[in-house]
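Peer 1:
Number of protein chains: 2
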Amino acid sequence: MPSVTGTNAHPCPASAESVPIYFCPKSAALMKATTSILRPFVNIVQSRAFNSVLSLEPSGPTVKTEIPGPKSKQLIAELQKTQNAQSTAFILDVDKSIGNYCVDVDGNVLLDVYEQIASLPLGYNHPSITQVFTDPKNLSQLVNRPALGVNPTPQYVKQIEQTLHPIAPKGMDHIQPMMCGSCSNENAFKAICIWYAEKQRNGKPHTEEELQSTLLNKAPGSPNVTLMSFEGGFHGRTIGALACTHSKAIHKLDIPTFDWPIAPFPRYKYPLEENERENKKEDERCLARIEELFHEYNKNNKPVVGAIVEPVQSEGGDYHGSKEFFQNLQRIIKKNGAALLIDEVQTGLGATGKFWAHEHFSLPESPDLVTFSKKFQTGGYFAKKEFNPKQPYRIFNTWMGEPSKLLVLDAILKTVKNENLIENTRKTGDVLLNGLKDLSKKYPNLILNTRGLGTFCAFDMKNSSVRDKFTTKMRNAAVMIGPCGDVSIRFRPALIFTEKHANIFLDKMNEVVKNF
Amino acid sequence: MPSVTGTNAHPCPASAESVPIYFCPKSAALMKATTSILRPFVNIVQSRAFNSVLSLEPSGPTVKTEIPGPKSKQLIAELQKTQNAQSTAFILDVDKSIGNYCVDVDGNVLLDVYEQIASLPLGYNHPSITQVFTDPKNLSQLVNRPALGVNPTPQYVKQIEQTLHPIAPKGMDHIQPMMCGSCSNENAFKAICIWYAEKQRNGKPHTEEELQSTLLNKAPGSPNVTLMSFEGGFHGRTIGALACTHSKAIHKLDIPTFDWPIAPFPRYKYPLEENERENKKEDERCLARIEELFHEYNKNNKPVVGAIVEPVQSEGGDYHGSKEFFQNLQRIIKKNGAALLIDEVQTGLGATGKFWAHEHFSLPESPDLVTFSKKFQTGGYFAKKEFNPKQPYRIFNTWMGEPSKLLVLDAILKTVKNENLIENTRKTGDVLLNGLKDLSKKYPNLILNTRGLGTFCAFDMKNSSVRDKFTTKMRNAAVMIGPCGDVSIRFRPALIFTEKHANIFLDKMNEVVKNF
């Protein structure tokens, strides 16, 4: 495993004559033409890390035009000719964006607390990621994408051992890379169904009837098993994942789905410390219904083989569940012979102040499967060994992940470790959440239910139109922030978001709510 | 759009002192350490194209060990500790592989007619792809993966217009990139369901009942519509795609699915010219059943909103359908108010001798949607404009494709055009198919039903154990070849596979079957 951030990092000179490290020195013409474009990268590569990338940041956000500005609007109109581009916030200038600041094509510089829907752990143009693409050792891995189920590379074998295995939750020695969050959940669910059926089959091989019937989409080969999910949960948009998604109607409308059990997920009153008794009752209500649903579906020959749950319902409105809720959920699932799949696609990799958000729950044992994507750049899942199918080609596809993404993940993980970014996130999260609580006291009708773990914070507003107006005003005050659920604002900054950035944010928000 | 293969291509010097173009000239230490590894790339970058990459190839395949060899076996055993690695053929050395030849970690050099399950259009380490990763203009696009539904880049807007739009089948102006073949099919299917429901709704908005019921996975919001697929078809392995997949039981066993109509796909007798009447009857049998299934499902309130079909059933055993079959299929689908989705994930991008395989069918009009992935490096679909949902967030996910893959696709498409690779594929396909037919005459009990379009060829063997033995023997004769279906061998060489390679292949195969 090459050290991409350690002492072997490539020391590119800092002088004005220096050229980017991926650059042929003899090609003067091309060099001249591109030197000015490349200047930022030269600087980035010189700097090693966290503090250095922050030193390249602007001193704060600046607005030049309304957002989206005229250039963004023109490009959005172009895009609109071939696809639905109504969800586009603005057009991103990836060359100029740096650290916690994204820059749009109109030259607006926004403090980014959304980070491409929570998918950039180190912000923009971080040197540790740039180095992955400029390190000559990596070139052939970038150029040749293998079918990992047939022809894995020696580098991939190492990546599984040295990049992914060390971050596996305890007791989860089965590792399956995938392409994205949805397909990670789809395949983890398939792994659960296979595990469950093998238990029922008790070592016997598939029957001829099973082999024939499954090709016709019939039982017993394609059994009527079900997966429990939660009201307000989000697990992706492919048809299996979508059957477990219940955050917004527009995600699901008009698409066929399964009759699978849908359980309530706690809806707490805030502040938590003033509503302990009521919130405990809410846990009990949800847990009782979960027990009931297992009973109902199992009785009706629609066995519940597992449950999929987010540690924090992230798209659905940043709803948290208590430690006790999750501990009891695991207990009920085990009692019913089912599997617990925790979806850490949005929560994983540090933003909650722990590497995995489910570590906050002190579960008696690890979940059975944990899915990931977004900040990891690659999808995939960890699972206990019994979820690794015995036969090949059951969990399989052409690519099954991508070594080049694992190169990036390796660089990210080293940076997170070397620069104590999870500790940073805990500290910054305190500043951010306390600041939000102060603002909530100051504007109690506007800012409701402040909550969070690490920098994974949120608050609610009175209704969706107020929330949407707030999002727009913040964006025009040069802060890129995202909504979730019907009335919530979610914080998804990078792990390099520091107290300084939190304070810039809080000042900007104070200004916006003051004049709201 | 930067020209990556045209006259602006970077002219790196050829002398022994030259360094790779992505390399800092001042870092002598690192340069020394890696120069020998990088030598092939220096050479590759010097050469421009097709002929040049071929000039770097070895003169033919060579075997040093049994395959998989001892080093492969050791690494497969490592991988087996954390995942099911039984499908692994050998461990690939991507540094040493070049053009049509893949090299394994034991130093075996194999002629590759499988190309990572049909996913490498230009073979290994083609200079036009290498240049994508060494062109400094591309660095920030490689480093910063945007959420394209929220923050697309100006480069992406151009890629849609200049890379994807020019290859859209006629009349298909809606363009939606995705991540892989399965999620392309899943989302294309969603687009069909939305299109169908909007037609039924006739301009009216969603009702409150629809909005509420869909969150509970119930009708009318989640309607009981169905998608027709075909016996032997393969469309992916996520749960929606898997419901349309009927190629092998092991892909589907134990996973819940939908009661959707499954139609027969023609099974022809070969040679075609001697079985015209019988094959016409086979078309009629299939088409009659398709009509029946529409009637049955529509009558039972499970409206068939579309059908998904491969131009050649590729995973299921390389089954071809006639021009007349596809023309009539389209007619029946239109008559029933449904949509025709052609899955070109494996067939698209030239291997059949046309850019899209469905061009062979002279359909009266374009299909309604066409999905792609594999050789394109990115997934996605083209569709008629009416399949572009009116509201945002209906076809949406975090990444929605990846600009860096579109950079690679652009380089591939320019190379395919500049080097006439589709014409090459037609010519090579003639040599290959005629050679297979000659071998079939020589060994009529061993090689059955030779068939193909371009280099997308196949033949059958007596049974699966003979077929598997043949695959192993070919691999140990240094030819990487893939099976499909129960008894078939499929050819999926790169588009740079020439007559010379076809003849090397045919000689090797002749040797193997002679001693079979």
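Protein chains in written order, with this note's numbering: chain A, 1412 to 1927; chain B, 1412 to 1927.
We treat Cβ as the ideally placed atom computed from N, Cα and C, and that holds for glycine.
Note that the structure is predicted; figures quoted are calculated from it, not measured.
1. Helix, strand or coil for I1915/B per DSSP?
2. Using a beta-carbon distance below 7 Å, is G1644/B in contact with chain A?
3. Using a beta-carbon distance below 7 Å, is G1560/A in contact with chain B?
4. Got a sec, what are the start and stop residues for the beta strand (DSSP E) M1639/A sits in?
5. Could you check whether T1625/B and K1828/A sit closer than 7 Å to each other, using their CB atoms as the reference points?
6. For S1633/A, which of helix, strand or coil comes out of DSSP?
7. Just curious, the beta strand (DSSP E) that D1523/A is in, first and last residue?
8. Tell me, please, whether the CB atom of N1799/B is closer than 7 Å to any CB atom in chain A?
9. Does the pairing of the stretch 1740-1753 of chain B with the stretch 1706-1723 of chain B give three or more beta-carbon distances under 8 Å?
10. Report yes if the C-beta distance between T1637/A and H1646/A is below 7 Å; otherwise report no.
11. Beta carbon of L1503/A, beta carbon of N1808/B: below 7 Å?
12. Under the three-state reduction of DSSP, which class applies to H1585/B: helix, strand or coil?
13. Kindly give me the distance between the Cβ atoms of I1603/B and L1780/B, rounded to whole angstroms, as I take these residues to be in contact under 8 Å.
14. Kindly indicate which three-state DSSP category Q1662/B falls into: helix, strand or coil?
15. Give me the chain A residues within the contact set of E1810/B, using Cβ-Cβ distance strictly less than 7 Å, ordered along the chain.
16. Taking a Cβ distance cut-off of 8 Å, strictly less, list which residues of the stretch 1898-1910 of chain B are near chain A, in chain order.
17. Between which two residues does the alpha helix (DSSP H) harbouring T1883/B extend?
18. Quick one: grab the DSSP three-state call for Q1788/A.
19. Can you name the residues of chain B whose CB is closer than 8 Å to the CB of P1667/A?
20. Name the one or two DSSP bridge partners that I1673/B has.
21. Helix, strand or coil for F1737/B, going by three-state DSSP, please let me know.
22. Terminal residues of the continuous alpha helix (DSSP H) containing T1541/A?
23. Quick check for students: name the residue ranges of the beta strand (DSSP E) that lie wholly in the stretch 1697-1743 of chain B, counting only runs of 3 or more.
24. Does the stretch 1531-1551 of chain A come close enough to the stretch 1501-1515 of chain A to have 3 or more Cβ pairs within less than 8 Å?
25. Do you know how far the Cα of T1649/B is from the Cα of K1629/A?
26. Any Cβ of chain B within less than 7 Å of the Cβ of E1597/A?
27. Does any residue of chain B bring its CB to less than 7 Å from the CB of C1594/A?
28. Using a Cβ-Cβ cut-off of 7 Å (strictly less than) and excluding sequence neighbours within five positions of K1437/A, which residues of its own chain qualify?
29. Measuring only between beta-carbons, confirm whether F1613/B sits less than 7 Å from chain A.
30. Would you tell me roughly how many angstroms separate the C-alpha atoms of D1357/B and A1500/B, rounded to the nearest one?
31. Locate the alpha helix (DSSP H) running through R1612/B, then write down its first and last residues.
32. Which word fits E1621/B, buried or exposed, when buried means at least 16 other C-beta atoms lie within 10 angstroms of its C-beta?
33. Inspect the beta-carbon positions of F1737/A and F1766/A and report whether they are closer than 7 Å.
34. Rounded to the nearest angstrom, what separates S1876/B and I1892/B at their Cα positions?
35. So the beta strand (DSSP E) P1894/A belongs to, where does it begin and stop?
36. Just the C-alpha distance for N1845/A and T1866/A, rounded to the nearest angstrom, thanks.
Peer 2: On the basis of the supplied data:
1. Position 504 of the second sequence holds residue 1915/B. DSSP places I1915/B within a helical segment (H, G or I) once states are collapsed to three.
2. The count along the second sequence starts at 1 and reaches residue 1644/B at position 233. No, G1644/B does not count as interfacial toward chain A.
3. Within the first sequence, the letter at position 149 stands for residue 1560/A. Using a Cβ-Cβ cut-off of 7 Å, G1560/A counts as an interface residue toward chain B, since at least one Cβ of chain B sits closer than that to its own.
4. The count along the first sequence starts at 1 and reaches residue 1639/A at position 228. Its beta strand (DSSP E) spans residues 1637-1641.
5. To locate residue 1828/A, count along the first sequence from 1; it is residue 417. To locate residue 1625/B, count along the second sequence from 1; it is residue 214. No, they are not a contact pair.
6. Translated into positions along the first sequence, residue 1633/A becomes position 222. Secondary structure at S1633/A: coil, using DSSP grouped into helix, strand and coil.
7. For the purposes of this step, residue 1523/A is taken as the residue at position 112 of the first sequence. Counting along the chain, the beta strand (DSSP E) containing D1523/A begins and ends at 1520-1523.
8. Residue numbering aside, residue 1799/B sits at position 388 when the second sequence is read from its first letter. Chain A places a beta carbon closer than 7 Å to that of N1799/B, counting this residue as a contact.
9. Contact holds: three or more Cβ-Cβ distances are below 8 Å.
10. Position 226 of the first sequence, counted from the start, is the residue given in the question as residue 1637/A. Position 235 of the first sequence, counted from the start, is the residue given in the question as residue 1646/A. With contacts defined as CB atoms closer than 7 Å, T1637/A and H1646/A fail to qualify as a contacting pair.
11. The residue given as residue 1503/A occupies position 92 in the first sequence. The residue given as residue 1808/B occupies position 397 in the second sequence. No; because the gap between Cβ atoms is not below 7 Å, this pair is not in contact.
12. Taking the second sequence and counting its residues from 1, one reaches residue 1585/B at position 174. Of the three classes helix, strand and coil, the one that applies to H1585/B here is strand, per DSSP.
13. What you label residue 1603/B is simply residue 192 of the second sequence in a count that begins at 1. What you label residue 1780/B is simply residue 369 of the second sequence in a count that begins at 1. Cβ-Cβ separation between I1603/B and L1780/B: approximately 7 Å, consistent with a contact (criterion under 8 Å).
14. Along the second sequence, read from residue 1 onward, the residue named residue 1662/B stands at position 251. In the sequence under discussion, the amino acid at residue 1662/B is His, which differs from the Gln named in the question. If DSSP states are grouped into helix, strand and coil, H1662/B belongs with the helices.
15. In the second sequence, counting from the first residue as 1, residue 1810/B sits at position 399. The sequence shown places Trp at residue 1810/B, rather than the Glu named in the question. Here the neighbours are C1591.
16. Of all residues in the stretch 1898-1910 of chain B, none has a C-beta nearer than 8 Å to a C-beta of chain A.
17. Within the second sequence, numbered from 1, the residue matching residue 1883/B stands at position 472. Where T1883/B is concerned, the enclosing alpha helix (DSSP H) stretches over 1875-1887.
18. Residue mapping note: residue 1788/A aligns to position 377 of the first sequence, counting from 1. Look at Q1788/A here: in three-state DSSP terms it is coil, with no helix or strand label.
19. Locating residue 1667/A in the first sequence gives position 256, where the first residue counts as 1. Residues of chain B with a Cβ closer than 8 Å to the Cβ of P1667/A are, in chain order, C1604, S1633, P1634, N1635, V1636, T1637, F1669.
20. Within the second sequence, numbered from 1, the residue matching residue 1673/B stands at position 262. For I1673/B, which the question treats as bridged, DSSP gives the partners S1640/B.
21. Reading the second sequence from its first residue, position 326 is the one you call residue 1737/B. Under the three-state reduction of DSSP, F1737/B is assigned to helix.
22. Your numbering for residue 1541/A matches position 130 in the first sequence. Segment 1538-1545, the alpha helix (DSSP H) holding T1541/A.
23. Within the stretch 1697-1743 of chain B, the runs of beta strand (DSSP E) at least 3 residues long that lie entirely inside it are, in chain order, 1715-1720.
24. Enough Cβ pairs lie closer than 8 Å, so yes.
25. As a working note, residue 1629/A is residue 218 in the first sequence. As a working note, residue 1649/B is residue 238 in the second sequence. When only Cα atoms are considered, K1629/A and T1649/B end up about 17 Å apart.
26. In the first sequence, counting from the first residue as 1, residue 1597/A sits at position 186. Judged by the 7 Å Cβ criterion, E1597/A is in contact with chain B.
27. Translated into the one-based positions of the first sequence, residue 1594/A becomes position 183. Output row for C1594/A: interface = yes.
28. Locating residue 1437/A in the first sequence gives position 26, where the first residue counts as 1. With a pLDDT of 31 at K1437/A, under the threshold of 50, the modelled position of this residue cannot be trusted, and the question is left open.
29. Start at 1 with the first residue of the second sequence, and residue 1613/B comes out as number 202. Inspection of the sequence shows that residue 1613/B is occupied by Asn rather than by Phe. Interface with chain A (7 Å Cβ-Cβ cutoff): N1613/B is excluded.
30. Only positions 1412 to 1927 of chain B appear in this structure, which leaves residue 1357/B out of reach.
31. Taking the first residue of the second sequence as position 1, residue 1612/B is located at position 201. First-last of the alpha helix (DSSP H) with R1612/B: 1592-1612.
32. Looking up residue 1621/B in the second sequence gives position 210. A residue is called buried when at least 16 other Cβ atoms come within 10 angstroms of its Cβ; E1621/B meets this threshold and is buried.
33. For the purposes of this step, residue 1737/A is taken as the residue at position 326 of the first sequence. For the purposes of this step, residue 1766/A is taken as the residue at position 355 of the first sequence. Taking 7 Å as the Cβ cut-off, F1737/A and F1766/A do not qualify as a contacting pair.
34. Looking up residue 1876/B in the second sequence gives position 465. Looking up residue 1892/B in the second sequence gives position 481. S1876/B and I1892/B have their C-alpha atoms some 15 Å from each other.
35. As a first step, residue 1894/A is located in the first sequence; it is residue number 483 there, counting from the start. 1893-1895 is the extent of the beta strand (DSSP E) around P1894/A.
36. The residue you call residue 1845/A lines up with position 434 of the first sequence. The residue you call residue 1866/A lines up with position 455 of the first sequence. Cα to Cα, the separation comes out at about 11 Å.
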